[in-house]
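Written below as structure tokens is the structure these notes are about.
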Amino acid sequence: MKLTMANKLARSSVAIIAAAALLWLSNASADSVIHEERSLYSAIIVKKIGTTLCLQFTVREDQRNQSCINVRNRRDMLFTYTRMSMAGLLFVDDPKNILVIGLGGGTLPMAFHDLFPEANIQSVEIDAAVVKVAREYFGFKEGPRMHVDVQDARVWTKRAMRKETRYDLIVLDAFNGDYIPEHLMTKEYLEESKAILTPNGTLMANTFTISDLYNHESNTYLAVFDEVLSFQTMQGSNRVIIAPGLQLTDDELKARAKKIRPLFKPYSVPIRRYARDLIRIRKKGPNWDTTARILTDQYSPANLLGTQ
Amino acid sequence: MSLELLGGRILAPYFGNSIHVWGSIITVFMASLSLGYLFGGRISVVDPSLRKFGIIFIVAAVLLAPLVFFAEPMMLFIFDRIEDPRYGSLMASALLFVVPTVILGMISPYSVRLLVERVDTSGQVAGRLYFVSTLGSALGTLATSFYLVLWFEINTIILQMTVTLVLISGVAFFADSKTTGLGRNETHNG
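Those protein sequences? They're chains W and R, same order as listed.
Taking the working numbering, the leading residue of the first sequence gets 1, the next gets one more, and so forth.
Taking the working numbering, the leading residue of the second sequence gets 309, the next gets one more, and so forth.
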């Protein structure tokens, strides 16, 4: 009896050591971590895989918390969702003020700056360490038309309501280690964001299609905005929610796509296909359960719902 | 603890979810509880009774209710006046939570007075009381963060707390009328 116990123990410990060694080997060979720190809000990991540089907020390997750039060609948008984020520009004519909530590696603000050199681009990021990493590793640069404030987005937006500036485009792209912070998913927050949009301003949000949260989140947007398009592809768990500012007919949308297409050439963003997809999505109407409970400041267990 | 957790949620729309918001809340709760312990101990000296014990619960319930109705305008008032979110959140949590938390802090020392009969068992009584109240806090934290926020609105949870406090005071009054003098079978809730 004792012998078999010892035997079992020995065998399982050998197995554990082997597994650990394998894990270590696979991690070490696949990519190299060039920067790692624990900030006040999350883990920040910068990885380099060949010519790809990635920013990650958890130690888990899933893609949902990553933003990556190609160091050889910054205009090469590596992720489908980054390219999909450009679809919102179909509904914005010549933006003068753009607001990006959640800096990450700074990919989106820099792309907007590149596309619209005359526009003022304001980013809001809660974590000073992320801003530092974006500057040091991802080539994020501030300038006269490129600002970043280190503050909680909710507080920033409430303060912005008291100021004059209104935004033609607002992009919600804030993530913590798990999902979107709960106080940035509520009806009240969306209303506050809507209040700092210009009359024809467009709001869009990078989010996900997985989990029960999909219905709650979609319905919350629908409670605040007249029109909500859930732009998603067949495969992949990302989606972009678009609350369009300009009310365009199908033909007008196609014409817009044709007009702005040259702008997106260097980014390999298939903007005309996106326009066709959006026309199809609009025709179909909501593809979620429109009876799902709306998220409010009083009721926002978003991250709990996400695990269900 | 349950209230402390909800405090984070209540402040988030105005002061965000930054680390200093939690710092403010924890500071205010700790400071308020410490004052509550002091006052609770002080009033337990003069003619302690279950009826007075029940009154503490009623007062706590009454002072908790304004959170439901006045939290928004109070936070807006501070938001307009204090630009720095650190001091804004500290001020807001002080205004919202000091008074009910001081009262709730009075419960523990008063319970010690009611439960202790002899000096040689006083340590044991205090030990049991800490056990019950701290375990209660742990369970309250777990229930609130895992389940209550998934089922109810924040205001509903606060009203449920209020009702619970009133019920406990009812039990204390009932026990008081039964035993007259120093009863021993009251409930305690941390």
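From the three backbone atoms N, C-alpha and C, an ideal C-beta is built for every residue, glycine too.
{"Check": "Let's see if you can read the secondary structure: which residues bound the alpha helix (DSSP H) around M185/W?", "Outcome": "That residue, M185/W, is in no alpha helix (DSSP H); it is neither H nor E in DSSP."}
{"Check": "Please classify N206/W: is it buried, with 16 or more other beta-carbons within 10 angstroms of its beta-carbon, or exposed?", "Outcome": "buried"}
{"Check": "Whose CA, out of N463/R, L423/R, S397/R and G344/R, lies closest to the CA of V367/R?", "Outcome": "G344/R"}
{"Check": "Suppose only complete runs of 4+ residues qualify. What are the alpha helix (DSSP H) ranges in the segment 427-451 of chain R, listed by chain order?", "Outcome": "427-451"}
{"Check": "With a CB to CB cut of under 6 Å and the five nearest residues on each side skipped, what residues in its chain are close to R492/R?", "Outcome": "Annotation note: pLDDT 45 at R492/R (below 50); position unreliable, coordinate value reported separately. No residues qualify anywhere along the chain."}
{"Check": "With distances taken between CB atoms, is the gap from I98/W to L169/W smaller than 9 Å?", "Outcome": "yes"}
{"Check": "Keeping to the same chain, check which residues put their C-beta closer than 7 Å to that of V133/W; ignore five residues upstream and five downstream.", "Outcome": "H35, I44, V46 and L55"}
{"Check": "For R38/W, which of L53/W, T58/W, T107/W and G50/W has the nearest alpha-carbon?", "Outcome": "T58/W"}
{"Check": "Hey, could you find the ends of the alpha helix (DSSP H) E217/W is sitting in?", "Outcome": "L213 to V224"}
{"Check": "When DSSP labels each residue in this structure, what does N493/R get in the three-state scheme?", "Outcome": "Residue placement at N493/R is flagged as unreliable, the pLDDT there being 45, under the threshold of 50; the coordinate-derived value follows with that caveat. Residue state, collapsed to three classes: coil."}
{"Check": "Threshold first: 3 residues or longer. Then list the beta strand (DSSP E) segments lying entirely within the segment 83-118 of chain W, N to C.", "Outcome": "97-101"}
{"Check": "Using a cut-off of 8 Å between C-beta atoms, extract the partners of F387/R located in chain W.", "Outcome": "K158"}
{"Check": "When we look at the beta-carbon of G498/R and count the other beta-carbons within 10 Å, is it buried (16 or more) or exposed?", "Outcome": "In this prediction, G498/R has a pLDDT of 40, which is less than 50 and means its spatial position is unreliable; what the coordinates show is noted afterwards. Classification of G498/R: buried, given that the 10 Å Cβ count is 16 or more."}
{"Check": "Rank R350/R, M309/R and V479/R by C-alpha distance to the C-alpha of I334/R and give the top, closest one.", "Outcome": "M309/R"}
{"Check": "Decide yes or no for the touch test of the segment 312-332 of chain R against the segment 394-403 of chain R: beta carbon pairs closer than 8 Å, at least 3 of them.", "Outcome": "yes"}
{"Check": "To the nearest angstrom, how far is the alpha carbon of D289/W from that of R421/R?", "Outcome": "56 Å"}
{"Check": "Classify G478/R as buried or exposed, calling it buried when 16 or more other Cβ atoms lie within 10 Å of its own Cβ.", "Outcome": "exposed"}
{"Check": "Three or more beta-carbon pairs under 8 Å between the segment 181-191 of chain W and the segment 105-117 of chain W, yes or no?", "Outcome": "no"}
{"Check": "Identify which residue in V329/R, K486/R, A483/R and I476/R has its Cα closest to the Cα of D392/R.", "Outcome": "V329/R"}
{"Check": "From T80/W to W459/R, what does the alpha carbon distance come to, in whole angstroms?", "Outcome": "36 Å"}
{"Check": "Considering only the alpha carbon of each residue, which of I242/W, W156/W, L278/W and V131/W lies closest to T202/W?", "Outcome": "I242/W"}
{"Check": "Going along chain R in order, which residues have a C-beta closer than 7 Å to the C-beta of R145/W?", "Outcome": "The contacting residues do not exist; R145/W stays about 25 Å from chain R at best."}
{"Check": "For the segment 452-474 of chain R, which residues have a CB atom closer than 7 Å to at least one CB atom of chain W, in sequence order?", "Outcome": "V457, L458, E461, I462 and N463"}
{"Check": "How big is the Cα-Cα spacing for R426/R and V433/R?", "Outcome": "10 Å"}
{"Check": "With a cut-off of 9 Å, does the C-beta of Y395/R fall near any C-beta of chain W?", "Outcome": "no"}
{"Check": "Please classify L346/R: is it buried, with 16 or more other beta-carbons within 10 angstroms of its beta-carbon, or exposed?", "Outcome": "exposed"}
{"Check": "Along the segment 311-326 of chain R, where does the CB come closer than 8 Å to a CB of chain W? Name the residues.", "Outcome": "R317, A320, P321, Y322, F323, G324, N325 and S326"}
{"Check": "Could you give the residue range of the alpha helix (DSSP H) that holds G362/R?", "Outcome": "L358 to L372"}
{"Check": "Compute the Euclidean distance between the alpha carbons of S42/W and G102/W, then round it to the nearest angstrom.", "Outcome": "13 Å"}
{"Check": "Can you grab the Cα-Cα spacing for the pair F264/W / A255/W, in whole Å?", "Outcome": "15 Å"}
{"Check": "Taking the alpha carbon of S85/W as the point to measure from, which residue in M204/W, M185/W and N73/W has its own alpha carbon closest?", "Outcome": "M204/W"}
{"Check": "Going along the chain, which residues of its own chain have a beta-carbon closer than 6 Å to the beta-carbon of L423/R, five neighbours each way excluded?", "Outcome": "V433"}
{"Check": "Over the uninterrupted beta strand (DSSP E) stretch that includes L295/W, give me the two end residues.", "Outcome": "It is not in any beta strand (DSSP E) - L295/W carries neither H nor E in the DSSP assignment."}
{"Check": "By DSSP, does E142/W sit in helix, in strand, or in coil?", "Outcome": "coil"}
{"Check": "Grouping DSSP H, G and I as helix and E and B as strand, with all else coil, what is V71/W?", "Outcome": "coil"}
{"Check": "May I ask you to report which of helix, strand or coil DSSP gives Q468/R?", "Outcome": "helix"}
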